[in-house]
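Working notes, beginning with the structure itself.
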Amino acid sequence: MAAPHRPTARRIALGHELRELRKRARLSIQDAVQGFSFSDTKLQRVETGLQDLRSASDLRKLLTLYGVTDEEEVERLVAVQREASSREWWTPLATELTPGMPRFLGIEAAAQEIRAYNPTLILGLLQTEAYARTRHVSAKPLDETTTEFVEQSVEVRMRRKEALTRDEDPLRFWAILYEPALRHIVGDAELMREQYDEIAKLAALDNVTVQVLPQTMRGYLFAHNFSILLLGDTMPTTIQVDTAFGTSSISDKRREVGRFSRQFDALSRSALPPEDTPRFLHQLSREIT
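This is the structure in structure tokens:
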């Protein structure tokens, strides 16, 4: 599989550059939109990567306002804007996804590295198709979702997982799994053995690290799942946390990034070393009856 087409990454990168240029020009968002047909709310969404600017003419006018006069630099940013306006592979499914999921998928697709922790479930990028489907089916009557929603959710999850095994620039993934999440039986014993084998297979990849946090650990324990998405030098590191309402809370504020990064480091120190993961998974497979 080739390296991905990443319009959302381009959108986030462009928004980040525009925000820095506006600050360098000492303009507030309200000042910057004077004379434009769009609002300060839209510019704020553009700067955070939630929305693309679409109009190359508006982009050129903004750059002039921000004091960018070098024509090569202007053309570079216009080219980025053009790529940022492209459709993502999940766009046709957007209406069927949970609130906030399209934005998260875009940020995930832009990430060069993800560090993630889950105390209750096996992380989505490590799930087998059977595990993912069984999880969605069991939640179906509670969440009042449709069979179509289940199938599309599984399809999206398996498509996301391809980032770990693509030939060019595979996603670097560091996962910490709390032991109860691994021991929680989804489906039957055979399904779980298949899931353990899949984690072991992925953990053997050079770009994937999996640690198990044993239930007997005495160090720091965090009760909620979270992901740290590292987007490269030109874009801000972003934090994603699931909420109880089935939505994603996403932030690139430095204080929150620092907080969750420290939490991940503490959990990693308490977890078993990565080389112990295959043995631990093999033991779980033997214990299942």
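With the first letter of the sequence shown counted as 1, position 179 gets the number 981 in our numbering; the numbers rise by one all the way through. Positions of the beta carbon are idealized from the N, C-alpha and C atoms, including for glycine.
Which two residues bound the contiguous beta strand (DSSP E) that contains Q1042?
Walking along the sequence shown from the start, residue 1042 turns up at place 240. Looking at the DSSP string, the run of the beta strand (DSSP E) that includes Q1042 is 1040-1044.
Quick check on the burial criterion: 16 or more other C-beta atoms within 10 angstroms. Buried or exposed for D758?
Since the first residue shown for the chain is 803 and the last is 1091, residue 758 is missing from the structure and cannot be characterised.
Just list the residues that DSSP pairs A918 with in beta bridges.
The residue you call residue 918 lines up with position 116 of the sequence shown. DSSP lists A977, S1029 as partners of A918.
Spatial neighbours of P1080 in its chain, beta-carbon cut-off 6 Å, leaving aside the 5 residues before and after:
Numbered from its first residue, the sequence shown carries residue 1080 at position 278. Taken in chain order, the residues that qualify are A1002.
Measure from the alpha carbon of V1015 to the alpha carbon of each residue in Y919, S839, I987, T936, then state which is nearest.
What you label residue 1015 is simply residue 213 of the sequence shown in a count that begins at 1. According to the sequence as given, residue 1015 is Leu; it is not Val. Cα-wise, what sits closest to L1015 is Y919.
Excluding sequence positions up to five away, which residues of its chain have a Cβ less than 6 Å from the Cβ of G851?
For the purposes of this step, residue 851 is identified with residue 49 of the sequence shown, where counting begins at 1. So the list reads R813, I814, G817, once near-sequence residues are dropped.
Going by C-alpha to C-alpha distance, which of D872, T1091, G926, G869 sits closest to A965?
Position 163 of the sequence shown, counted from the first residue, corresponds to residue 965. Among D872, T1091, G926, G869, the Cα nearest to that of A965 is on G926.
Reduced DSSP category for S1051 - H, G, I as helix; E, B as strand; rest coil
Position 249 of the sequence shown, counted from the start, is the residue given in the question as residue 1051. Residue state, collapsed to three classes: strand.
Give me the residue from Q1013, V1012, A983 with the minimum Cα distance to A1025.
Stepping through the sequence shown from its first residue, residue 1025 is reached at position 223. Ranking Q1013, V1012, A983 by Cα distance to A1025 puts A983 first.
Suppose the cutoff is 6 Å on Cβ atoms and the five residues either side in sequence are ignored; what does the same chain contact list for A804 look like?
The residue given as residue 804 occupies position 2 in the sequence shown. Interpretation of A804 is limited by its pLDDT of 44, a score under 50 that renders its predicted location unreliable; the figure taken from the coordinates is listed afterwards. Excluding sequence neighbours, A804 sits near E970.
Bridge partner(s) assigned by DSSP for L864:
For this step, residue 864 is matched to residue 62 along the sequence shown. Answer is none; L864 lacks a bridge partner.
Residue range of the alpha helix (DSSP H) that L944 falls in?
Working through the sequence shown from its first residue, we reach residue 944 at position 142. Looking at the DSSP string, the run of the alpha helix (DSSP H) that includes L944 is 931-945.
For Q883, name the three-state secondary structure that DSSP assigns.
Counting from one through the sequence shown, the residue named residue 883 turns up at place 81. Residue state, collapsed to three classes: helix.
According to DSSP, is V1014 part of a helix, a strand, or is it coil?
Along the sequence shown, one-based indexing puts residue 1014 at 212. The answer is strand: DSSP assigns V1014 an E or B state.
So, is D854 buried or exposed, given that buried needs 16 or more other C-beta atoms within 10 angstroms?
The residue labelled residue 854 in the question sits at position 52 within the sequence shown. It is buried - the Cβ of D854 has at least 16 other Cβ atoms within 10 Å.
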